[in-house]
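Take a look at the structure set out below.
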Amino acid sequence: MSGYDPPYSYQAPPLGAQPRRTPDPLAHQHQQHPQDPFQHPQDYAQAHPPYPSSNQPDPYPPYPAQPPPPASSDPFATPSYHPHEPQWAQPVHQGQYQPQQDLGDAYPPYQPADPSSASAAHDPSAAQYPDEPDSAPLLHGHGHSHQYHQQHPAGHSRWSTTGHDPGQADPTLILPGGFDASAGPHPGGPADAGYGLGAYPPYGAGAPGVDDDDVHSVVRYGRIPQRQPRRYKTVKRVQLTQGNLVLDCQVPPKLLERCPRKDSREFTHMRYTAATCDPDDFLNEKYALRQILYETPRRTELFIVLTMYNEDEKLFCRTMHGVMKNIQHLCSRKKSRTWGENGWQKVVVCIVSDGRAKINARTLSVLAAMGVYQDGVAKNEVAGKPVTAHIYEYTTQLSIDPNMKVKSAERGLVPVQIVFCLKVAKKINSHRWFFNAFGPILSPNICVLIDVGTQPRDTSLYKLWKSFDLNSNVGGACGEIVALKGKYHFVNLLNPIVAGQNFEYKMSNILDKPLESIFGYITVLPGAFSAYRYIALQNNAQGEGPLKEYFKGETLHHSVDADLWTKNMYLAEDRILCWELVSKRGSAWILHYQRSASAETDVPDTLHDLIAQRRRWLNGSFFAGLHATYHFGYLYRSDHSFIRKLWLHIELFYQAFNTIFAWFALGNWYIIMFILTTAMEDPSFGLNGIKYFNICVQYYYVALLVCCFILALGNRPQGSKGFYLVIAISFALIMVYMLIAAGIITYYGVKNAKDAIEAEGGTFTASDIFTNTTFRNIVISLLSTYALYLVSSLIFFDPAHMFTSFIQYLLLSPSFTNILNVYAFCNIQDVSWGNRPEEKPSNDLGSAPVKGDSADVVVPTDEKDINAAYDDALHVLATPPPKEVHKVNLEEKMTDSYRAIRTNVLLAWVLSNGGLVAAILSTSAGNASPQNVYMAFLLYSVAVLAAVRFLGSTAYSIMWLFQN
1 MSGYDPPYSY QAPPLGAQPR RTPDPLAHQH QQHPQDPFQH PQDYAQAHPP YPSSNQPDPY
61 PPYPAQPPPP ASSDPFATPS YHPHEPQWAQ PVHQGQYQPQ QDLGDAYPPY QPADPSSASA
121 AHDPSAAQYP DEPDSAPLLH GHGHSHQYHQ QHPAGHSRWS TTGHDPGQAD PTLILPGGFD
181 ASAGPHPGGP ADAGYGLGAY PPYGAGAPGV DDDDVHSVVR YGRIPQRQPR RYKTVKRVQL
241 TQGNLVLDCQ VPPKLLERCP RKDSREFTHM RYTAATCDPD DFLNEKYALR QILYETPRRT
301 ELFIVLTMYN EDEKLFCRTM HGVMKNIQHL CSRKKSRTWG ENGWQKVVVC IVSDGRAKIN
361 ARTLSVLAAM GVYQDGVAKN EVAGKPVTAH IYEYTTQLSI DPNMKVKSAE RGLVPVQIVF
421 CLKVAKKINS HRWFFNAFGP ILSPNICVLI DVGTQPRDTS LYKLWKSFDL NSNVGGACGE
481 IVALKGKYHF VNLLNPIVAG QNFEYKMSNI LDKPLESIFG YITVLPGAFS AYRYIALQNN
541 AQGEGPLKEY FKGETLHHSV DADLWTKNMY LAEDRILCWE LVSKRGSAWI LHYQRSASAE
601 TDVPDTLHDL IAQRRRWLNG SFFAGLHATY HFGYLYRSDH SFIRKLWLHI ELFYQAFNTI
661 FAWFALGNWY IIMFILTTAM EDPSFGLNGI KYFNICVQYY YVALLVCCFI LALGNRPQGS
721 KGFYLVIAIS FALIMVYMLI AAGIITYYGV KNAKDAIEAE GGTFTASDIF TNTTFRNIVI
781 SLLSTYALYL VSSLIFFDPA HMFTSFIQYL LLSPSFTNIL NVYAFCNIQD VSWGNRPEEK
841 PSNDLGSAPV KGDSADVVVP TDEKDINAAY DDALHVLATP PPKEVHKVNL EEKMTDSYRA
901 IRTNVLLAWV LSNGGLVAAI LSTSAGNASP QNVYMAFLLY SVAVLAAVRF LGSTAYSIMW
961 LFQN
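Residues in the sequence shown are numbered from 1 upward in steps of one, following UniProt numbering.
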């Protein structure tokens, strides 16, 4: 027996046979059943003549007529016996590492059926099933009529498969608008009939017999009017698996036509599980995943989680297609000891959606088109217990790229094992389902975390995995996060907000991450693209460890006992996880940066979105950094060597110094601006009247800061877009003036020094330039910062951002410090994760009442209904979505309006009083000596910090070259 086999399968009787009591195809029986007597398709065809077509007209003909699929060429699945009730393993503390062999008793593998019992399964009387109910038609209309049962014998359409000639399938289909001219003909159809998702005409394009000018004609977008599946649903009595509702549902035959492999049930059936427990109790409640149900359980080397909320289909396809391309690369490494042709069996992709009501409908259609999701099988309740998550398992052979083109095996793609977890209610616990529910069952080696919208490069997952393979002490690793640049890898950079973030990301990956990787402690492994060794994350026997601390923030925000410090700290829960991993008791795990593993992610392209995003980032990182510095003693409980602990202490001191600089960044910016502008008032410069202009600039700077405070205290960024845009432009102009001032000071500093030396009859040399204190401080600061940016980028062979994004970053740097920091600290009481309100589970899916050890479920069983649901998903993808018009919530609009009025009044009052104070204090003179001393301290501090980052970056580059 190869591949995954169901707990039970059966065969339809030939025409003319006497009616018998047949076991349900979805039921899990305790009796043993025989092997399939028909070992070859031709044997089956001789014993089972084709079924006559039904004369009953189809009451729902919403689609153009399509040729019928070819006759079945695949025999029914090989029967196997249902295993005995196992003795369940002793409960273990959630999160504790448990080897794979410890799960053997909990999940005994399915064994081949006993051939000696072959006659019993095909006995027409079926006397051995006295308790199995008939699948009788219901009176309420949810079942089939008597005529339908005569035309369609029980079980035939549900379990038959459709053969397909691979030569008739084209690997690429264009979903929206039209169809691919290269698509092959539909099997069994005319030779010139294009077969593709584009063959479905979009709504509004007109139809035969319909007047386009008819006022009753309606143009529809998005999800189409669906065929009501209740006419094709049948009540089935299914056997519970370990007391849980588990269904094996046939995937649409139209999907199988495009799939080259149909030799295993993981390709022909989707497995649905209705979870009614908390993620921490998933293992103890005897739930299972397909990977451990094989005769030889599959070992999971890579366990990848894709977390999403309401991202659209393009963002999801960008991430999912990138992951599938990476798995294809793993299978192409023929000489690898771990990977190879069947390497896809060692990878499981887990998609966790944060709330059933919030998932994007078109994204759900993409999952349905891949075979992962089926509508109509999920339930709200099982045995009176509410379902907490709907889990769909399927091994897909299709991928949809961001351009909505279907890719299949003809393009080199390999099968991918997918677990789709659709949570019922929105909660911040997606990673808890991943680590605490599915992790203990699969016991993976490496766990990879990816946010939907982030696209890993084709070889990134392998290179990230290789970091763990080369060094057994690596407990976590991350790659380079690259800002999505758009078309031609440049278009998005025309937006200065995106360009500024691109420069930030690049310099962080060139200077900060390599330095931290040398020390062994990276302060944050970004949740958008990072990986962890599963065993390193596990809690100890007392339940203490990284995962416990990581998930503490899930309920912390609703707790009245937690202080504001702790709540803000858990806004950056990934930083807490990194610290807990490095300082884990009795362990010596380190964190590593792999520069050759990169992934593209979308970044905010508007200022108000950037402000909202950075509020959580800045507050979380600030308090998490203080937490690590304050609890530096945790390092002594670890098992790191003396040298490693010394390096970690040096890094913590470096991080503490950076934290102090970040705290005083607001004042330091104003001090530097004030010194630069007043330095131009030197009489030797000959700039008459510059003093009064500088006074205006200085007070205008203060006025902008006051505006930032007032807006941050009273308004949401979305309600003050215009104000923030004006402030950012003003800060950019002031930055231009500061650069001009630095250039003037440099020029006149050199000129005056030269004139003074020549007036005394001396010879001017280069060393004489640095006799001017202000000039010396400015030059050292600029060279230590911007020159090192260029040199380090050249060392990493990645200097493009210096030419495409440096100017934008330079102009936006005052806004990044003033606007973002002011908003973050003014909203320190906001410990929310964003605009994701809690939602209550809905009750629109029905329930599954339990009788004894079985349950009654209403599921679609007819092939036409299964194909109709699949056609719905294809129609949704074939119809381009309309431009969405954002509807402003009236309550939020009213609140923003009231806040805007309050802000305008407050601004007028504060600015008028500030102008009066400025007019009076502008005549006072201060001592310039402290200004020069502090200016020197600031600039030399910047130089030292930049030198440390540069040395760390250079050392990492040397090690990386030798490692490769």
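For each residue, glycine too, the CB sits at the ideal point set by N, CA and C.
If contact is defined by three or more beta carbon pairs under 8 Å, each pair taking one atom from either stretch, is the region 563 to 583 in contact with the region 769 to 788? no
When burial is assigned at 16 or more other CB atoms within 10 Å of the CB, is THR773 buried or exposed? exposed
Tell me, to the nearest whole angstrom, how far the beta carbon of GLY322 is from that of GLN455; I am working on the premise that it is less than 8 Å. 4 Å
GLY479, DSSP secondary structure in three states: strand
Three-state secondary structure (DSSP) of LYS514: The amino acid at residue 514 is misidentified as Lys; the sequence shows Pro. Note: PRO514 maps to helix in three-state DSSP.
Evaluate contact between the region 464 to 479 and the region 613 to 625, counting only Cβ atoms and requiring at least three cross-stretch pairs below 8 Å. no
Hey, ASN342 and TYR462 are a contact pair by Cβ (cut 8 Å); roughly how many whole angstroms apart? With a Cβ gap of about 16 Å, ASN342 and TYR462 do not count as contacting.
To the nearest angstrom, how far is it from the Cα of PHE519 to the Cα of ILE304? 27 Å
Member of PHE434, LYS346 and ASN495 whose CA lies at the smallest distance from the CA of THR395: LYS346
Measure the CB-CB distance between HIS592 and SER467 and report whether it falls below 8 Å. yes
Host beta strand (DSSP E) of VAL347 (start-end): 347 to 353
For the structure I just gave you, are there three or more beta carbon pairs, one from the region 492 to 508 and one from the region 800 to 808, closer than 8 Å? yes
Can you say whether PRO252 is buried or exposed, counting buried as having 16 or more other CB atoms within 10 angstroms of its CB? buried
Look up SER336 in the DSSP assignment and say whether it is helix, strand or coil. coil
Which same chain residues, not among the five before or five after ASP639, have their C-beta less than 8 Å away from its C-beta? GLY586, SER587 and ALA588
Look at the Cβ atom of TRP433, then the Cβ atom of ILE446, and state whether they are nearer than 8 Å. no
Classify MET935 as helix, strand or coil using the three-state DSSP reduction. helix
Only counting the same chain, and skipping five residues up and downstream in sequence, which positions put a Cβ closer than 8 Å to that of ALA728? LEU607, LEU812, SER815 and ILE819
Looking at the structure shown, is SER832 part of a helix, part of a strand, or coil, going by DSSP? coil
Within the region 394 to 464, note down every full alpha helix (DSSP H) run reaching 4 residues or more, in order along the chain. 439 to 442
May I ask you to report which of helix, strand or coil DSSP gives PRO717? helix
PRO514 burial status per 10 Å Cβ neighbour count (16 or more: buried): buried
Nearest-angstrom Cα distance between GLU516 and GLY952? 8 Å
Segment contact flag, the region 788 to 798 with the region 562 to 581, C-beta cutoff 8 Å, min 3 pairs: no
Under 8 Å between the Cβ atoms of residue 965 and VAL246? The structure shown does not extend to residue 965, since the chain is modelled only from 1 to 964, so the question has no answer here.
My assumption, with CB atoms under 8 Å, is that LEU938 sits in contact with ILE780. Please give the rounded CB distance. Actually they do not touch by this definition, with Cβ atoms about 11 Å apart.
Nearest to ASP830 by alpha carbon, out of LEU713, ALA741 and PHE723? LEU713
Straight-line CA distance for HIS875 to VAL474? 47 Å
Going by C-alpha distance, which of VAL352, SER460, ILE441 and TYR570 is nearest MET324? SER460
Check whether the region 386 to 394 touches the region 406 to 413, taking contact to mean three or more Cβ pairs, one atom from each stretch, closer than 8 Å. no
Can you give me the start and stop residues for the alpha helix (DSSP H) that PHE653 sits inside? 642 to 663
To the nearest angstrom, how far is it from the Cα of ASN403 to the Cα of GLU313? 10 Å
Here's a check: name, in chain order, each residue in its chain whose Cβ is nearer than 7 Å to the Cβ of THR566, leaving out the five neighbours to either side. LEU556
Do you know how far the Cα of ASN540 is from the Cα of TYR532? 17 Å
LYS485 and ASN492 look like a contact to me (Cβ under 8 Å); what is the Cβ gap, rounded to whole Å? 5 Å
Verify whether the separation of the beta carbon atoms of GLU311 and GLY527 is less than 8 Å. no
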